[in-house]
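>
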Amino acid sequence: MPLRVLAAMSGGVDSAVAAARAAEAGHDVTGVHMALSSNPQSYRTGARGCCTLEDSRDARRAADVIGIPFYVWDLAERFHRDVVEDFVSEYAAGRTPNPCLRCNEKIKFAALLDRATALGFDAVCTGHYARLDGGVLRRGVDAGKDQSYVLAVCTPEQLAHALFPLGDTSKADIRLEAERRGLQVADKPDSHDICFIADGDTRGFLAERLGSAPGPIVDADGNEVGEHDGAYAYTIGQRKGLRIGTPAPDGRPRYVLDISPVTNTVTVGPRESLDVHELTGERPVWLSEAPRGPFDCQVQLRAHGEVHACTAEQTGDGLRVRLATPARGVATGQAAVLYDGDRVLGSATIAETARVPA
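-7 is the number of the first residue of the sequence shown in this note's numbering; add one for each residue after it.
So, in structure tokens, the structure goes:
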């Protein structure tokens, strides 16, 4: 049945082909580009991101080729509050956020979808590589581009108003299709890194907003081995740029094991100390009825990260996950996304990790 569809058009090849496929399927499609900065030049320029003036123009040209109406919606204030400020505050709290995941949660499937439904649209269409099958969210068939991880924060109600036309196709074939359709973005490079950090320098971006906050870098025994300018500039599992003046007794590399914003301390140690056997998550989102009791599944702990066999269990308002084999470098603030094969079961934000001795 034809739907009234709002196609989110970032200016890239994926969202352009998604909009074209939706229109070709007989839906009544309107394209919209989200302006995410009141000063677009303060975010990325060129082809490195999705928040530029060039992207807006590319999206408009694609809409003209497809033959659909096109608008630009100003979501800059909401994006700054819910994504950029959240990113800064999470790092300040010693966690490592995923801004793409937060953008899907707060912008594309909250602010954008809310406005779309208020205007009478039935669904929002995006260029994500994921599949919806009878309300079930599944991985995209292109494993290298699969984006089900960053969509796992969406609720069943939100997914009921979503279209992901690209989930059954590889990225290479999408580019070929864009060329056949006469879309000028067919060869446009993919965006990389964090779209709102203009030069890709995350440490500098955070330092500008949080200021210099020198503190000690210590080993697992509490011995000071270096100094940092701000604990917020580090993330669990980091090896490079640690500025350690004292080498490890065994001469092996050291990694960030813990970040304590309370004491402004960064703790480093050997790679094996990064092993995590159990984690707890907060604010779980289930894509179907929450399971009762422990159940076996798989968990992914970072975007495009390794998948681990595990046993999961809802505990009150939280989630406990026990890994069959340890994972390394698991950072709080990231998402733990549960899968049954290619089906997404639910997600939670990682709040704590633990090593459980054998």
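The C-beta atom is built at its ideal place from N, Cα and C for all residues, glycine as well.
#1: CB Ala304 to CB Pro286, shorter than 9 Å?
#2: Using three-state DSSP, classify Arg36 as helix, strand or coil.
#3: For Ala346, I'd like the list of residues in its chain whose CB is within less than 6 Å of its CB, leaving aside the five on either flank, ordered along the chain.
#4: Contact check, Ala0 vs Cys92 under 8 Å by CB: the rounded distance?
#5: Compute the Euclidean distance between the alpha carbons of Val200 and His72, then round it to the nearest angstrom.
#6: Given Lys137, which residues of its chain have a CB within under 6 Å of its CB, disregarding the five upstream and five downstream residues?
#7: What did DSSP end up calling Arg339 once you bin it into helix, strand or coil?
#8: Between the stretch 326 to 337 and the stretch 128 to 147, do three or more beta carbon pairs fall short of 8 Å?
#9: Three or more C-beta pairs under 8 Å: does that hold for the stretch 201 to 218 against the stretch 17 to 30?
#10: Report the rounded CA-to-CA distance for Leu(-5) versus Ile60, giving the unit in angstroms.
#11: Hey, is the stretch 333 to 342 in contact with the stretch 261 to 281, meaning 3+ C-beta pairs nearer than 8 Å?
#12: State the start and end residues of the unbroken beta strand (DSSP E) segment that holds Glu219.
#13: Arg275 lies in the beta strand (DSSP E); which residues open and close that run?
#14: From Leu151 to Cys95, what distance separates their C-alpha atoms?
#15: List the endpoints of the continuous beta strand (DSSP E) containing Gln290.
#16: Inspect the beta-carbon positions of Ala8 and Gly132 and report whether they are closer than 9 Å.
#17: So, Leu266 versus Leu293, is the Cβ gap smaller than 9 Å?
#18: So is Pro89 buried or exposed if we call it buried at 16+ other beta carbons inside 10 Å?
#19: Does Glu344 come out as helix, strand or coil in the three-state DSSP assignment?
#20: Can you give me the start and stop residues for the beta strand (DSSP E) that Glu305 sits inside?
#21: Take Arg53 as the anchor and find which of Arg123, Lys98, Gly174, His19 has the nearest alpha-carbon.
#22: Could you check if Tyr63 is buried or exposed, using at least 16 other CB atoms within 10 Å of its CB as the buried criterion?
#23: How far does the beta strand (DSSP E) with Asp165 in it reach, from first residue to last?
#24: Please go through the stretch 99 to 127 and give each complete alpha helix (DSSP H) segment of 4 or more residues, from N-terminal end onward.
#25: From the DSSP output, in three-state form, read off Val322 for me.
#26: Which same chain residues, not among the five before or five after Lys98, have their C-beta less than 7 Å away from its C-beta?
#27: So what's Leu62 in DSSP terms, helix, strand or just coil?
#28: So, are the CB atoms of Glu274 and Leu234 less than 9 Å apart?
#29: Nearest by alpha-carbon distance to Val57: which of Arg172, Arg244, Thr44, Arg107 is it?
#30: Just to confirm, is the Cβ distance from Arg167 to Val5 under 9 Å?
#31: For Leu111, is the classification buried or exposed, using 16 other Cβ atoms within 10 angstroms of its Cβ as the cut-off for buried?
#32: Quick check on Gly86: buried or exposed, where buried means 16 or more other Cβ atoms within 10 Å of its Cβ?
#33: Determine the extent of the alpha helix (DSSP H) in which Pro91 is found, giving its start and end residues.
#34: Taking only the alpha-carbon atoms, compute the straight-line gap between Arg130 and Leu124 and give it to the nearest angstrom.
#35: Sort out for me which residues DSSP pairs His25 with in a bridge.
#36: Using only alpha-carbon positions, find the residue among Gly321, Ile342, Val313, Val21 that is nearest to Ala108.
Taking the structure as given:
#1: Less than 9 Å divides the Cβ of Ala304 from the Cβ of Pro286.
#2: Per-residue confidence for Arg36 stands at a pLDDT of 47, beneath the threshold of 50, marking its modelled position as unreliable; the derived number appears in the next sentence. The answer is coil: DSSP assigns Arg36 none of H, G, I, E or B.
#3: Glu270
#4: Not confirmed; about 14 Å, so no contact.
#5: It is worth fixing the name first, because residue 200 is Glu in this sequence and not Val. Approximately 16 Å, taken between the alpha carbons.
#6: Tyr121, Lys163
#7: Residue 339 is actually Ser in this sequence, not Arg. Reduced to three states, the DSSP call for Ser339 is strand.
#8: yes
#9: no
#10: Cα to Cα, the separation comes out at about 14 Å.
#11: yes
#12: 216 to 220
#13: 267 to 278
#14: 15 Å
#15: 287 to 292
#16: It is not a contact, given that the beta carbons lie outside the stated cut-off.
#17: no
#18: buried
#19: strand
#20: Here the beta strand (DSSP E) through Glu305 covers 299 to 307.
#21: Here the closest residue by C-alpha is Gly174.
#22: Exposed is the call here.
#23: Note, Asp165: premise wrong, no beta strand (DSSP E); alpha helix (DSSP H) at 163 to 172.
#24: 104 to 110
#25: coil
#26: Around Lys98, the same chain offers Asp74, Val75 as residues with beta carbons nearer than 7 Å, after the five sequence neighbours per side are excluded.
#27: Reading off the sequence, residue 62 comes out as Phe, not Leu. Note: Phe62 maps to strand in three-state DSSP.
#28: no
#29: For Val57, the nearest C-alpha among the options comes from Arg172.
#30: The answer is yes: Cβ separation under 9 Å.
#31: The Cβ neighbour count for Leu111, taken over all protein chains shown within 10 Å, is under 16; the residue is labelled exposed.
#32: buried
#33: Run containing Pro91: 91 to 95, per the alpha helix (DSSP H) assignment.
#34: 6 Å
#35: Val64
#36: Val21
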